[in-house]
Every structure is written in structure tokens, then in C-alpha cells.
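Colleague: Here the sequence shown stands for residues 2 to 342, where the numbers follow the working numbering.
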Amino acid sequence: MITRVALLVLLATHTAIVPPGGVAAAAAAAPVAYRFTFPEPHHHWMQVEVSFAELDPVPLELRVSRTSPGRYSLHDFAKNVYDVQAFDPSGRELRTSRPDPSGWTVPEHGGAVTVRYKVFGDRIDGTYLAVDSTHAHINMPAAIMWARGLDERPATVAFVPPAGASWQVATQLLPGSTPLDFTAPNLQYLMDSPSEFGAFALRRFGVDGHTFRVALHHTGSSSELDALAKDVEKIVREQGRLFGEYPAYDPGHYTFLVDYLPYADGDGMEHRNSTVITSSRTLGSGHDDLLDTVAHEFFHGWNVERIRPRSLEPFNFEAPNMSGELWLAEGFTEYYGPLTL
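What follows is the structure, given as C-alpha cells:
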């Protein structure tokens, strides 16, 4: 077996080291403010309101992503976006145009624009989003509209639960002023931050001064979640021994976002400080497969997320992200993951 030092040397030879400072606060600028609401969750759509301020006197070019971090193909998320409207601060509707399937333009404005639109989603996996009466499973590229030229602005995200619902948020977004308000230092971090919004169950454990969380939305028992958390902790400890240390997790914790529901797709998707794991199987019947996915995706917290192919940095949200280093990024992860079970 390759030693720990040899493994890291080989990885670094073919990749770029992404420093912890990658989420440092951007220069002072008006943040892009997002607000997620769920007027009719049983109809599988959410409403997004995004406000831009301190804009230059040029047309505002709005985009919906065609790709998603960790995916290497096109998804064209704008196909699920509809009822797009733009307003000035007084509430007056502004003229918009749609120059291509993934973009909208506000040609004239007074320096501040609020855009309101709806997004349909009924797919629980690591790529799209799903909304129903029990939760919202949100992959940010499938949900948010962003503006060209404002990539380095910080963002705020406010989650508003459906009427009468006591939902909570699990995410790698940075905490804001309330439990339902969050921030991101820039567009890259925002788009890489999936979020589970609902009445999920949560378990925490600590290893070497780091906090790890398992947020589970499922139809099983608390004892099944307890058993899952213990097995996840074993994997976390073993991979920490392999690498010799854990990364500095930007929000102060690492989160496993797990959806085990009959109507979910089987999937796993890594992110900088979290991972998404979904399956249609129950914890009782799919426990071993789930742990294999946990091991693979958590290993990516080092290999891909921080020891990263140069060709994937920064991530391009408007075109496929091709890389000749996937033999290392995915191949090594596929090999080492099962060894840590």
C-alpha cells in the first residue's frame, strides 16, 4: 500500500492545492441577497427572490447554471425556472429579455434590481432539487440565478419555511444572524453549498477537535440513525489516520446530508465541507451501500476538494468542466474509499 507521505506527494504532483483562504471574505461590496420561500411545497416548487444593489449603469446579465460542482456534464437547470420578473426598489416592474435558454437580461435599471422567480423540483439526488410538504432538498446550481461580473460579491441566503412548518437547515453555508440565515463569501462557495431544509434528524460527533454532523431525512427509526452515525464516525477516524489530519472546515463543521426516501435516486456528491448521499432504500436494507458511498465522498474532502485538479478551478457554471486528472481524482478515491470501511 502507498504510504501516507507518498500518497500526498503523488496527489500534489498532478493537482493544485486549494488553500483554506479560498473562502476569505471578498472586498467590501453590497452582498447579493437570496430569499427562499415555499408557498405550495406539495406542488414541488419554491420561490426565489434575489436582490442586487450598487450596480454599474449597464445591463444586468442574469444566468442560471448549466453545470454543477462535481458533475462533468451539462444539466441546463434553467429548464425548471419560470415566472421570472424583475423590479426596482419601489416595486416597479422592469423590462427583461431572454437572450438564450440559460439567461435573462435587465437592460435598464437604476442601480438596484430584485428578481423573483419559481423553480420546479421533484428529484432527490446530488444534482437537482426537490420540494415537498416534508422538506426541501436544494442543490444551489439548480435553484439560484446569479449575475455575470458579480462572482466575488458575498451572498446572504434566508430560508423561510412553509406556513406552520418548523423546519431547520443543514448546510455548509456560513451561519448568519439567525438559525435560518446564512452567508457565503462568493459565488463559487455558494454554488458548492447544498442545503437540506426540513424536519430532519441530526447527530453530531467530534474527532480531534473537529465537529461532524449527520443530517438524515428518512422514514426509519432513531436507533437506525444512531447506528449510522457510529459507522460514519469509524470511517471519519480511519480516513483521518490515513491523511494524518483533517482539513479546516470553513463553517466549523463537516455535514453529511443524507436523504433515504422511497422516491429518492441513489447518488452521492462531494462538496468542500459537506456531502450529499441519497437512496431509495431504507437504512436497514441499504446500510452497507450507504457506508461505501460515505467513504468515497468523504475521501473527496481531501482528494478533489482541497487537492484539486487545476482544470477544475475555478469551476465554470456555463460550460462542461473537462479534466484529464479524473484518473487521480476519482480513481484514487474509488480505490482508497473501501479500504477505510
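Where a beta carbon is used, it is the ideal one built from N, C-alpha and C, also for glycine.
#1: May I have the straight-line CA-CA distance separating A144 from H76, to the nearest angstrom?
#2: Taking the Cβ atom as the reference point for each residue, do L203 and A216 lie within a distance shorter than 7 Å?
#3: On a Cα-Cα basis, can you pick out the residue from D266, S312, L329, F318 that is closest to I125?
#4: When you compare only the Cα positions, how much space is there between A249 and A30?
#5: What's the call for A25, buried or exposed, on a 16-neighbour Cβ count within 10 Å?
#6: On the three-state DSSP scale, how would you describe L298?
#7: Cα separation between A228 and K235?
#8: Spell out the partners DSSP gives Y35 in its beta bridges.
#9: Closest to E109 by CA distance: which of D57, R72, V120 is it?
#10: Taking the CB atoms as reference points, tell me whether G127 and V277 lie closer together than 7 Å.
#11: Locate the beta strand (DSSP E) running through I139, then write down its first and last residues.
#12: Nearest CA to the CA of V85: which residue from P70, R64, T68?
#13: Using the C-alpha atoms, what's the distance from R242 back to F121?
#14: Excluding the 5 residues preceding and the 5 following E298 in the sequence, name in chain order all residues of the same chain whose CB lies nearer than 6 Å to its CB.
#15: So, for Q169: in the same chain, excluding its five sequence neighbours on each side, which residues have a beta-carbon less than 6 Å away from its beta-carbon?
Modeller: Result, derived from the coordinates:
#1: 12 Å
#2: yes
#3: D266
#4: 26 Å
#5: Low confidence applies to A25: its pLDDT is 45, below 50, so where it sits in the model is not reliable enough to give any reading.
#6: The residue asked about is misnamed: residue 298 is Glu in this sequence, not Leu. E298: helix per DSSP, three-state reduction.
#7: 11 Å
#8: V51, V158
#9: D57
#10: yes
#11: 136-139
#12: R64
#13: 43 Å
#14: G269, E271, T276
#15: none
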